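**Student:** Top line first, the protein sequences correspond to chains A and B.
Okay, so the first sequence: first residue is 1 according to the numbering used here, each after it adds one.
Okay, so the second sequence: first residue is 1001 according to the numbering used here, each after it adds one.
We put the CB at the ideal spot given by N, CA and C, even for glycine.
Fair warning: this is a prediction, and the values are worked out from it, not measured in the lab.
Got a structure for you, written out below as structure tokens; questions coming shortly.
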Amino acid sequence: MTRQEIPVGVLFSSVGPYAEIGREAREGARAAIDEINASGDFPFRFACVEADPQGEADRYAVLAERLMREEGCRHIIGCQTSWSRKEVLPVLERHQGLLWYTAPYEGFESHDRVLYTGACPNQNVVPLFQYAVPAFGNRAYLLGSNYIWGWEVNRIARELLGADGGCVLGERYIPIGDEQVAHLIEEIREKRPDFILNNLIGTSSYAFLRAYRALGQEDPFFLPSRCPVISCNLTEAELPVLGAAAEGVISTSTYFETLDTADNRAFLARMRLLRGADAQISAMFTGPYLAAWLLARAIAETGAAEPQGIIARLPDRPRPTPLGPVVIDRQTQHAHLTPHIGVVEGAASVRDRAHFRLVGTRPAPLAPDPYLVDYDPHAGFARAPSGAAGLDRETGPQLRLVT
Amino acid sequence: MAAEFRTPSFRGWKAVVLHRPHADRDNICRQLERLGIEVECVWPDLRKEHGEANVLVFDADMAHEGQFPWKADIQPMPMIALMGTEAPGRVEWAIRRGAGAHLNKPIGSSGIYGALVVAQRSFEARFAYENKIADLEQRLARRPQVVEAILTLMLQRNCDAHTAYRGLRDLAMAGRISIEDAADELNARPGGADDDRRKA
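So, in structure tokens, the structure goes:
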């Protein structure tokens, strides 16, 4: 029996300044689509229709238009930068399509034609600061690539620090792809902050982390134990290209390879068969992977690929995925997610494999709050290790995207 | 300074939406509710108590003067106009009615957050300016009293106008009152500025 074929757009950049995470995302979508097609669980199969904007923001809308108009895609899994997502919104409106946006982002958006399965600010920068400020202090240096992600995450950071009585010792932006970081290192050397929030992306971020590691070797004040770099978007996908420069970086993510759950162990075993024993699996991979699974579940349930029916039926109830059930909030169309905090270890070792050691998690997923409606940045940070507002600092977290 | 900027939050606000039943109205309500705002839809007529809402969103195409229970020069809250037609008369009316921000129709799933921030900010700025202007007008109206006080001081202390003004300002600062109030006080004394000294 031939099954109906449903084209699904996959829109990620495999070359350009953030190619590492783009390739990882594309692989995630492909892996899920292959599993879904092979599973026999669905009365349809997905045709993976790929388009590659090559890291150029202006290409995203053009390619999204092509996917929807010419290829007949009603759904696109794609975009990683907020810049590219905003470019695609008018196309989605025109064709009444749906974007599955899986990257962590800065919030303050809730578009009808988008399902957001990556972390928004109350699920990324807020928990990161709830961990970092009590641990390292409240005098920070803020860095970002020169576009909305860095601007807005740093603005939230500035507010969190100000409300805690802390301060911003410097706030600098460089263009996406720029690798000139010497002036940033000089300023950090001079200001001696408690920590650095790094919202640089791709090659700029790699250049900075390499230079900062060299600074730490020169002056022990800048070792990760004393003045760490913290991040809302460093994942396993970029550890191989970073090498030793990633050692000690603290990052928040809704998925880490080291999450010790039965679901994750089974998932990793399958992915390593597929991608090789050394493959690093990251949130950049699992985001599109889970999105494809959610899409398949939703189509199976509604009996059609029509976005309107999916938006109407998908939210509020947990839907099973290979990494556990996921709930999409109806009002904001964002996912409930559990933010974890991890520190990179083993990156400077020849014997170990670089990985995130979990240093903080939450017992249950957090409801999305993209406009920070329910969060008071002025409530301050709990200093006690397991205070009410703080993260559970015990290790041994559970991967439960939803309870 | 770092602590000064606060993420604008509209949680707990009450919004009144003056719009007939329509998809645009539904989309606006959905956007407002996402922000933690309680919404009341009203059509055709606003009532006086709607003046107590935190924000009014009104249809600039169909709404008209007769629907408002308060005069156009009273703007009790920040207002956002929903505009379909850009006919200058309608835009002008929306501004006159107090719109501090607007959204173009058709209303989709974004725009209200930014419009709320702009409308609130311009409302607060206008409120602050109006207070400041009223204060300055009042002070301007009392200029003759200030001149009278300076002249009295010049005569009594045998000094120039500049020194007399400094003397008046010192009195105001010492009493933590405005120059105008200090002038009134001085003018009210039977013997002018030197009244106290003479008594002593």
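If you follow the alpha helix (DSSP H) that Leu209 of chain A is part of, which residue opens it and which one closes it?
**Tutor:** Its alpha helix (DSSP H) spans residues Gly202 to Glu218.
**Student:** Checking contacts by CB at 8 Å: is Met1001 of chain B closer than that to chain A?
**Tutor:** For Met1001 of chain B, the predicted structure reports a pLDDT of 41, less than 50, and the residue's modelled location is therefore unreliable. The matter cannot be settled from this model.
**Student:** Determine, using beta carbons only, whether Val1016 of chain B and Glu1040 of chain B come nearer to each other than 8 Å.
**Tutor:** Yes, these two residues count as a Cβ contact at 8 Å.
**Student:** What are the residues that DSSP puts in a beta bridge with Leu115 of chain A?
**Tutor:** According to DSSP, which records beta bridges pairwise, Leu115 of chain A is partnered with A:Trp100.
**Student:** Does DSSP put Pro1008 of chain B in a helix, a strand or coil?
**Tutor:** Three-state result, Pro1008 of chain B: coil.
**Student:** Please state the DSSP three-state secondary structure of Leu1018 of chain B.
**Tutor:** Three-state DSSP puts Leu1018 of chain B in a strand.
**Student:** Would you mind sorting Arg1074 of chain B into buried or exposed? The rule is 16 or more other CB atoms within 10 Å of its CB.
**Tutor:** First, the amino acid is wrong: residue 1074 of chain B is Ile here, not Arg. Ile1074 of chain B should be labelled exposed.
**Student:** Can you give the Cα-Cα distance for Gln217 of chain A and Leu209 of chain A, rounded to whole angstroms?
**Tutor:** Roughly 12 Å separates the two Cα atoms.
**Student:** For a quick check, are the C-beta atoms of Ile77 of chain A and Met284 of chain A less than 8 Å apart?
**Tutor:** Against a cut-off of 8 Å, the Cβ pair of Met284 of chain A and Ile77 of chain A comes out as no contact.
**Student:** For His340 of chain A versus Cys120 of chain A, is the C-beta distance shorter than 8 Å?
**Tutor:** Not in contact: His340 of chain A and Cys120 of chain A (Cβ atoms no closer than 8 Å).
**Student:** Using a Cβ cut-off of 9 Å, pull out every chain B residue sitting near Gln331 of chain A, in sequence order please.
**Tutor:** Those within 9 Å of Gln331 of chain A in chain B are Arg1030, Glu1033 and Arg1034.
**Student:** If you compare alpha carbons, which of A:Phe129, A:Thr252 and A:Trp149 is closest to Ala140 of chain A?
**Tutor:** Here the closest residue by C-alpha is A:Phe129.
**Student:** Excluding five sequence neighbours on each side, which residues of the same chain lie with their C-beta closer than 8 Å to the C-beta of Ala389 of chain A?
**Tutor:** Low local confidence applies: a pLDDT of 39 at Ala389 of chain A is under 50, so the model's placement there is unreliable, and no value is given.
**Student:** Using a Cβ-Cβ cut-off of 7 Å (strictly less than) and excluding sequence neighbours within five positions of Glu244 of chain A, which residues of its own chain qualify?
**Tutor:** For the record, residue 244 of chain A in the displayed sequence is Ala; it is not Glu. Cβ within range, chain order: Arg213, Ala347 and Ala348.
**Student:** For chain A, is any of its Cβ atoms less than 8 Å away from the one on Gly1111 of chain B?
**Tutor:** Gly1111 of chain B does not count as touching chain A.
**Student:** Counting only Cβ pairs nearer than 8 Å, list the residues of chain A close to Phe1005 of chain B.
**Tutor:** Near Phe1005 of chain B (Cβ distances below 8 Å), the residues of chain A are Arg155, Arg158, Glu159 and Gly162.
**Student:** Does the beta carbon of Gly1108 of chain B come closer than 8 Å to any beta carbon on chain A?
**Tutor:** Gly1108 of chain B counts as touching chain A.
**Student:** In its own chain, which residues sit with a C-beta less than 8 Å from the C-beta of Arg158 of chain A, not counting the 5 before and 5 after it?
**Tutor:** These residues qualify, in order along the chain: Leu142, Val168 and Glu171.
**Student:** Measure from the C-beta of Arg1011 of chain B to each C-beta in chain A and report whether the shortest distance is under 8 Å.
**Tutor:** So, interface residue.
**Student:** Taking all protein chains shown into account, decide if Asn1131 of chain B is buried (16 or more other Cβ within 10 angstroms of its Cβ) or exposed.
**Tutor:** Result: exposed.
**Student:** For Glu5 of chain A, collect the residues of the same chain with a Cβ closer than 6 Å to its Cβ; drop the 5 residues on either side in sequence, then sort them by chain order.
**Tutor:** If we look at Glu5 of chain A and ignore the five residues flanking it on each side, its Cβ neighbours are Arg45 and Ala47.
**Student:** Can you check DSSP and say which residues form a bridge with Phe46 of chain A?
**Tutor:** Answer is A:Ile6, bridged to Phe46 of chain A.
**Student:** At a Cβ threshold of 8 Å, is Glu109 of chain A touching chain B?
**Tutor:** Output row for Glu109 of chain A: interface = yes.
**Student:** Taking the continuous beta strand (DSSP E) assigned at Ile328 of chain A, which residues delimit it?
**Tutor:** Ile328 of chain A -> no beta strand (DSSP E), and no H or E assigned at all.
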